[in-house]
Amino acid sequence: MLQQYPIGLQSFQEIREGGYVYVDKTQAIYQLVKTGKYYFLSRPRRFGKSLLVDTIDKLFSGNKELFEGLWIYDKWDWTQTHPVIRISFSNIGVRTEGLEVAIYRSLETNARRLGLTLNESSYDQKFKELIEKASVNGRVVILIDEYDKPIIDFLEEPELAEANRAIMKNFYSIIKDSDEYIRFLFITGVSQFSQVSVFSDLNNLRNITLTSEFSSLVGITQEELEANFSEEIAALQKDRPDILTQIKDWYDGYTWDMKTWVYNPFSLLNFMVDPEFDPYWYETGTPTFLIRLLKKEWKYDVETYQMGKQSLSNFNTVNPNMGALLFQTGYLTIKNISPNRKVYDLGFPNLEVKSSFLDGLLGAYRGMEGVDSVAEMDVIKKALKEGDIPAMILGLNAIIATTPYDVWKPDTESIFHAQTSLIFRLLGLEVYSEVHSAQGRCDVLVKTAQYIYVLELKLDGTGGEALKQIKVDLKARGYLTPYAADPRKKIAVGISFSSKTRQVEEYLVEEL
């Protein structure tokens with residue numbers, strides 16, 4: 000019997016009472032609340048942070064019946080309950096009312112729920128008053144979800160973002176002076192601002208974002224997938240025996256420590272409802288702002304970021320580090336950590352993110368944001384698989400020649416490099432590409448089941464010059480040396496693009 004899937008549900012009570020599937024995270028939660036007091040966790044959107052916050056709320060509130068059958072049920076002291084102060088900055092009306100008023104109203108809502116009356120008029124002193132009065136019924140638990148929304152939502156309005164940051168800093172300073180009244184504090188969000196900029200007074204706040212101990216606190220591990228969705232997987236394997244590998248390729252791959260990898264829970268649950276490989280998570284929040292920033296910097300090879308741990312964990316509103324921003328928002332993940340843990344290599348976590356993000360980036364470089372290139376990419380991919388070079392050229396022209404003139408005009412060469420590089424990386428085949436900006440060319444190695452292609456794409460040259468360059472590169476770089484004994488056909492294709500007509504001017508093909 001198929002299960003009910005809690006897509007978009009953030010209420011632990013609704014999930015448990017409604018019979019929805021729940022991946023048991025209570026052992027990790029137990030470890031969290033028993034070993035520390037002040038925590039911060041950053042994870043991408045729709046990764047289960049709000050559900051985690053709600054689960055902690057119900058635990059400290061003593062809702063024992065909701066935890067029956069879960070790991071923590073017979074290990075928690077249900078006789079001890081704590082008043083919970085809970086603020087989610089995603090739904091308190093920051094943009095409509097202003098941050099100070101929004102905080103003020105949220106504190107009043109918490110006070111009414113706890114049966115308290117507050118007298119202070121300023122938002123910060125009201126927070127202090129709420130903590131102290133609530134603690135009469137036990138030390139207070141403070142849960143803050145989406146803490147970064149008042150800053151992130153105003154990135155294109157830097158003065159407001161900075162004003163909100165200052166308010167948040169003042170708000171959190173209250174916590175330090177209220178330590179004796181607090182049992183537990185948990186703050187979560189997508190972005191990580193430096194400790195100094197927002198949490199300077201919370202010097203005992205533990206950032207567990209990159210901590211192995213809590214790396215699977217949200218997200219779904221391989222073990223959890225196979226344990227909680229065994230019937231669904233078995234049913235799918237009847238027609239698609241390699242379905243587990245495909246699911247992994249599409250939705251797994253997120254890691255914060257290179258020891259534990261997790262699936263994107265939103266995409267995974269949507270796939271279980273409708274088992275088609277679609278970009279479920281990506282489509283709920285297309286990163287238009289990020290893509291515009293990348294295009295502004297002429298950055299399109301986004302899998303080349305290398306960062307130090309400090310840079311990875313900090314976000315600056317004035318001059319955002321694109322690598323850190325892409326990592327924190329879930330479009331990149333860690334691919335390698337140097338032995339001394341000083342350098343982190345970043346890359347796409349899976350096919351969902353890679354294909355969708357690169358397609359969005361290609362659309363931006365075509366001057367056609369929101370228009371995908373799926374049909375054209377299928378033409379190019381099919382042509383390469385079948386050895387049909389004329390069809391491949393038609394596919395390239397369909398993308399490049401349809402780019403509006405005003406997109407080409409500012410910097411024809413950079414647009415050419417960006418488009419050709421993105422096209423070949425989007426193919427979903429085994430591709431190696433390298434751009435040589437000084438020479439106005441791009442060389443690409445593509446492998447299919449029957450062919451190994453070496454392509455040289457040249458701007459305002461000739462097909463003959465491109466073909467000649469391939470032979471020079473083969474000798475100098477040894478591109479095909481590892482494939483000397485490979486039975487696949489090796490084909491060289493020299494392609495010349497015209498900056499005037501914005502399409503393929505000439506191409507030559509030669510079997511190597």
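The sequence shown runs contiguously to residue 511 in numbering that gives the first Met the number 0. C-beta: ideal position from N, C-alpha, C; glycine also.
Report the residue from Leu-350, Asp-371, Pro-348 whose alpha carbon sits nearest the alpha carbon of Gly-359.
Selected option, being the one with the closest Cα: Asp-371.
Counting only the same chain and skipping the five closest in sequence on each side, list residues whose C-beta sits under 7 Å from that of Pro-43.
Its chain contains Val-189, Thr-328, Gly-329 as the residues whose beta carbon lies nearer than 7 Å to that of Pro-43, once the 5 sequence neighbours on both sides are disregarded; these appear in chain order.
Sort out for me which residues DSSP pairs Thr-513 with in a bridge.
Because residue 513 is not part of the residues shown, which for the chain are 0 to 511, the question remains open.
Measure the C-alpha to C-alpha separation of Lys-168 and Lys-295 and round it to an integer number of angstroms.
31 Å
Nearest residue (CA-CA) to Gly-252, options Ile-333, Phe-265, Gly-61
Ile-333
With C-beta atoms as the reference, is Thr-220 less than 8 Å away from Ser-41?
no
Whole runs of the beta strand (DSSP E) within the stretch 164-191, excluding any shorter than 3 residues
181-188
Output needed for Gly-284: all residues of its chain with C-beta closer than 8 Å, excluding positions within five of it in sequence on either side, in chain order.
Arg-44, Arg-45
Assign Val-140 to one of three DSSP states: helix, strand, or coil.
If DSSP states are grouped into helix, strand and coil, Val-140 belongs with the strands.
Can you have a look at Tyr-122 and say buried or exposed, based on whether 16 or more other CB atoms are within 10 angstroms of its CB?
The residue is buried, with at least 16 neighbouring Cβ atoms inside 10 Å.
Contact check, Ile-399 vs Met-391, beta carbons under 8 Å
no
Looking only at its chain, what residues have a beta carbon closer than 6 Å to the beta carbon of Ser-436, apart from the 5 residues adjacent to it on each side?
Below a pLDDT of 50, predicted positions are generally treated as unreliable, and Ser-436, at 49, falls in that range; the measurement from the model is reported next regardless. For Ser-436, where only same-chain residues beyond five positions count, there are no Cβ hits under 6 Å.
Considering only residues of the same chain and omitting the five flanking positions on each side of Ser-89, which have a CB-CB separation below 6 Å?
Glu-145, Lys-148
Report the three-state DSSP secondary structure of Ile-6 (helix, strand or coil).
coil
Rounding to the nearest angstrom, what Cα-Cα distance links Met-271 and Glu-231 in this structure?
7 Å
I need the DSSP call for Phe-288, collapsed to helix, strand or coil.
helix
Determine the direct distance from the alpha carbon of Ile-143 to that of Lys-132, and round the result to whole angstroms.
19 Å
Would you identify the three-state DSSP class for Tyr-38, choosing helix, strand or coil?
strand
Residue environment, Gly-322, which counts as buried when at least 16 other CB atoms sit within 10 Å
buried
Which residue comes first and which comes last in the beta strand (DSSP E) that contains Ser-497?
Run containing Ser-497: 488-497, per the beta strand (DSSP E) assignment.
Cβ-based neighbour list, Glu-99, same chain, cut-off 7 Å, excluding 5 preceding and 5 following
Tyr-122, Ile-166
In this structure, how does DSSP classify Leu-204 when only helix, strand and coil are distinguished?
coil
Do you know how far the Cα of Leu-454 is from the Cα of Gly-18?
Using only the alpha carbons, I get a separation of about 55 Å.
Could you name the residues of the same chain whose beta carbon sits closer than 6 Å to that of Gln-468, not counting the 5 residues immediately before and after it, in chain order?
Counting only Cβ-Cβ distances below 6 Å, and skipping sequence neighbours, we find Glu-455.
Going by DSSP in three states, Arg-44 sits in which element: helix, strand or coil?
Looking at Arg-44 - three-state DSSP - the assignment turns out to be coil, as it is neither helix nor strand.
How is the alpha helix (DSSP H) around Glu-519 delimited, first residue to last?
This structure leaves residue 519 out entirely; the chain is present only between 0 and 511.
On the DSSP bridge list, what partners appear for Val-443?
Ser-432, Leu-454
Just reading off the alpha helix (DSSP H) that Tyr-506 is part of, what are its end residues?
Where Tyr-506 is concerned, there is no enclosing alpha helix (DSSP H), although the beta strand (DSSP E) it sits in stretches over 502-510.
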